[in-house]
Amino acid sequence: MRITLLSGFTATAFILAMAACGGGSTNDGPPGAKSTPPGAAAAETKAPSGLITAADITLGDIDAKMVDSGKGIYELKCQACHSLGANRVVGPGWKGVTERRAPEWIMNMMLTPDIMLDSDPEAQKQLEECLVRMPNQSLSKADGRNVLEFMRTL
Amino acid sequence: MKRPLAYSGLGLAAIAGTFLLMNTLPGCRPSTNTATAVTGDAASKVYVKPGEHDEFYNFVSGGFSGQMAVYGLPSGRLLREIPVFSVDPESGYGYSEETKGMLTTTHGFIPWDDSHHAELSQTDGVPDGKWCFINGNNTPRIALIDLGTFRTHSIIEIPNSAGNHSSPFTTGNSEYVVAGTRFSIPMGSDAERDVPIKTYKENFKGTVSFIHPEPETGKMSIAFQIATPGVNFDLSHAGKGPSEGWFFFSCYNTEQAYSLMEVNSSQRDKDFIMAVNWKLAEQLAKDGKGKRVPGKHHSNWWNHHTHSTETTVYEDVLQLDPKDHPGLVYFMPCPKSPHGCDVDPTGKYIVGSGKLAALIPVFSFEKIQAAIAANDVEGDYAGIPVLKYESVLHGEVKKPGLGPLHTEFDANGNAYTSFFVSSEIVKWNVEKLEVVDRVPTYYSIGHLTVPGGDSKKPWGKYVIAYNKITKDRYLPTGPELSQSAQLYSIDGDKMELLLDFPTTGEPHYAQAIPAELVKPREVKFFKIEENKHPYVAKGEKETKVERKGKEVHVWMTTIRSHFAPDNIEGVKLGDEVYFHVTNLEQDWDVPHGFAVKGAQNAELLIMPGETQTLKWVPTKVGVVPFYCTDFCSALHQEMQGYIRVSPANSNVPLTGYTVSVDAEM
Ligand SMILES: [Cu+2]
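Now the structure itself:
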């Protein structure tokens, strides 16, 4: 493949900081945390179209069937890059991800990573550390929701 | 996508010509000074801005490359070279365990062919953007390319044929594509085939086959084959409109010569165009009137779900003998070794191009029908009625040029004929048979293409010349030069040269279609959920290594940017290792490559969601690296692994693993 065909790739600075690519930055509180999610706020005011907003998601009690389906999708499409622990493989480990990130931010990262990596500062910060673009693994909205449910159990 | 596609179109500045070379070129007589052949605003007419798309796809046969190339028009940019009849180490086509089957025939594995004519599938007589067919000339075959994937999707071998030149032209709804044998041969049992060559007249026969592609699957099978006298079939085209239901084949060597053909098959004033009533043939076949005759052949089909070839072997073929079925086949005399055999958009006229003739005969379908009804024949040829030339003729284009080869049409009643010897395209009016314009080509044009130019509704706009000789058109590259195509505008009254662009292999026939008819069907990746490959690993959890006797099977996955497993031990000299590599990516344009040191075949290039297998037979003890060849991410250079090979008698246990971060920390 020709790397220039990947939209936005060349726009991203290649910062050669080989910092551990952890689960988001750890300074001043959890970025994109549930109470005041910066991602979500942005989504309401000037989010590129196609992004999911907080209003699109309702979280209830953990649904075991959805968790099961989410786990299956994880093993097929995500496990190669994400561990369920705290450590990074290619992308951040998923332990505690739902504590660090707002649900709609996670959904957007799963469903439309290209939009996120081109527009969301938090996603861009991760890319600067990981240097691999989170791929679009062609999840449906329902797939994404099931993976989110699975993440809630980690 | 990947690999530098070297040919870009804008060679306009390089048109300054030298005539020195041209004077030494026999039969090449450019009639205009090249320096003045291009007008001022040609550049703007072919300029496609960076990031914008061309208006047309141009599917171009690769000739002796055996492949098919795809260019964008008007820019002339090479978009893709599709492996068809020849192996392609770059993609692993013909090398991977799954794709080898596409090239198997009754002669075994055939790694090369000579591909001549690209023909798009049609609906209601108009190209529909679903498939593109192409013929293999040398070991007779037809391939179907799926325009959703731009991949060879099925290949059928043609039995009782030798030199599949008159092929693969389609009927108006792609009910059939045809295959007429170029060389006649003795057929039948071993004893019937083992005959002296000089018994050509008694023993050599021809065939034309009608191949049916299944609309849903693209699987091909031979519906019926028509036995013919021993002549050479050259080109063909289906009737349309009033002539729908008929097929026309040009044939030469009605002298039935078998040596020094150049002289001996050019003796008669006229050869033939053969008219076949295929609707009648279809009915006869349906009514059980044909005979099953020996004709073993392979039909190879690519299964998108198992990512593997499925081969069906047929033992025989249904044959119809025109001698048993009056009304099935007629001959029409056509001057001097006809090559092109082209039907105009109205379906009323059939143009024969006698390559040694100084005129172009145009036949009238209405008159052909009248002559048949009135039994207006001048005799028979090997039992097949020969209609009277004057009775079926609409008229002749007199002195159009030298060496007419092929004709395409626009939607305004004009024909465009290529002239090899006088090196030009001549535009003429089909009804009036009058020449209206001519332009030189550089040099010695063979085929030509107008978008939709052999269909009911030509899109027109351009004519593209595919030239046989390049000489000084580009920077010299030693004795071997790329072939040269030229794009002309046909919007105005005068044809206007816009662009030269080099082509791969040797293009013969080509077709062009508006991009909008193809783009919406594009497949961007294969859905991993639908992958039914027997060795798929659906996620790293399913990766493993297993021994079956001397065979070691590795279920491997790829993702940006690592393999799993990437450490393999326990392989011994004498083992055959099968790497079954599944690409877990689910996004467009993220293939991974797989190359292992000492592989005697090729690499694999695995598309997202696909599984492909490389067989590797280690020859030395040691630790051998494998790596990804396709730059896939910033950490592509880290995408590698090791496989340890031990002596035959070692007892290193077989394992495959990746060392996880969690485990190490
Ligand atoms: Cu790679």
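Protein chains in written order, with this note's numbering: chain A, 1 to 154; chain B, 155 to 819. Think of the CB as a built atom: it goes at the ideal place given N, C-alpha and C, for glycine as much as any other residue.
CB contact below 7 Å: residue i versus chain B
{"i": "N146/A", "result": "no"}
{"i": "E129/A", "result": "no"}
{"i": "A80/A", "result": "yes"}
{"i": "L154/A", "result": "no"}
{"i": "L51/A", "result": "no"}
{"i": "Q137/A", "result": "yes"}
{"i": "E75/A", "result": "yes"}
Rounded Cβ spacing between residue i and residue j (contact assumed at less than 8 Å)
{"i": "G342/B", "j": "S320/B", "result": "Actually they do not touch by this definition, with Cβ atoms about 22 Å apart."}
{"i": "T465/B", "j": "N454/B", "result": "5 Å"}
{"i": "I722/B", "j": "N737/B", "result": "18 Å between Cβ atoms; not a contact."}
{"i": "H271/B", "j": "P322/B", "result": "6 Å"}
{"i": "V706/B", "j": "D729/B", "result": "5 Å"}
{"i": "S275/B", "j": "T324/B", "result": "6 Å"}
{"i": "P281/B", "j": "Q754/B", "result": "Contact doesn't hold; Cβ gap of about 41 Å is too wide."}
{"i": "Y225/B", "j": "V214/B", "result": "6 Å"}
{"i": "Y406/B", "j": "D423/B", "result": "Actually they are not in contact, since the Cβ atoms of Y406/B and D423/B sit about 12 Å apart, beyond 8 Å."}
{"i": "I623/B", "j": "Y597/B", "result": "4 Å"}
{"i": "L131/A", "j": "L789/B", "result": "6 Å"}
{"i": "L76/A", "j": "G693/B", "result": "4 Å"}
{"i": "G508/B", "j": "P492/B", "result": "5 Å"}
Paired residues, beta bridge with residue i - DSSP
{"i": "H734/B", "result": "W709/B, T767/B"}
{"i": "A150/B", "result": "Beyond the ends of chain B as shown, which are 155 and 819, falls residue 150/B; an answer cannot be given."}
{"i": "D300/B", "result": "W285/B, R305/B"}
{"i": "M222/B", "result": "S215/B, I236/B"}
{"i": "P487/B", "result": "F426/B"}
{"i": "L602/B", "result": "A619/B"}
{"i": "D654/B", "result": "Q640/B"}
{"i": "D267/B", "result": "DSSP lists no partner for D267/B."}
{"i": "A381/B", "result": "T361/B"}
{"i": "D591/B", "result": "K581/B"}
{"i": "Q276/B", "result": "P281/B"}
{"i": "F403/B", "result": "S390/B, M428/B"}
{"i": "K445/B", "result": "Q473/B"}
{"i": "R331/B", "result": "Just to set this straight, residue 331/B is Val in the shown sequence, not Arg. Looking at the DSSP assignment, V331/B forms a beta bridge with T324/B, I365/B."}
{"i": "P243/B", "result": "Beta-bridge pairing links P243/B to no other residue."}
{"i": "V467/B", "result": "H452/B"}
{"i": "Q754/B", "result": "DSSP, once it has assigned bridges, lists no residue as partnering Q754/B."}
{"i": "A749/B", "result": "Y781/B"}
Within-7 Å CB hit, residue i to chain A
{"i": "A788/B", "result": "yes"}
{"i": "K692/B", "result": "yes"}
{"i": "K203/B", "result": "no"}
{"i": "G163/B", "result": "For G163/B, the predicted structure reports a pLDDT of 36, less than 50, and the residue's modelled location is therefore unreliable. The matter cannot be settled from this model."}
{"i": "K695/B", "result": "yes"}
{"i": "A160/B", "result": "Caution applies to A160/B, whose pLDDT of 38 falls short of 50 and renders its modelled position unreliable; the value that the coordinates give is listed next. Taking Cβ atoms only, chain A never reaches closer than 7 Å to A160/B, which makes this a no."}
{"i": "L175/B", "result": "Only weak support is given to the placement of L175/B: the predicted model assigns it a pLDDT of 37, under 50, and the value that follows is read from those uncertain coordinates. Not an interface residue."}
Cutoff 7 Å: residue i Cβ touching any chain E Cβ
{"i": "S69/A", "result": "Included in the structure are the protein chains A and B, with no chain E among them."}
Could you please tell me which residues of the region 92 to 118 of chain A, in chain order, have their CB closer than 7 Å to any CB of chain B?
none
Closer than 8 Å between beta carbons: that is the criterion. Which residues of the region 703 to 736 of chain B meet it against chain A?
T711, I713, R714, S715, H716, A718
Entirely enclosed alpha helix (DSSP H) segments - the region 492 to 561 of chain B, minimum 4 residues:
519 to 527, 543 to 546
What are the residues in the region 735 to 759 of chain B lying within 9 Å of chain A by C-beta distance?
L738, E739, Q740, D741, W742, D743, V744, P745
Below 8 Å between beta carbons is the criterion; list the residues of the region 677 to 688 of chain B that meet it against any residue of chain A, in chain order.
F679, K681, I682, E683
Mind listing, in chain order, the continuous alpha helix (DSSP H) runs of no fewer than 4 residues lying wholly within the region 676 to 701 of chain B?
none
Output the residue ranges of the alpha helix (DSSP H) runs that lie fully inside the region 78 to 109 of chain A and measure 4 residues or longer, sorted by chain position.
97 to 100
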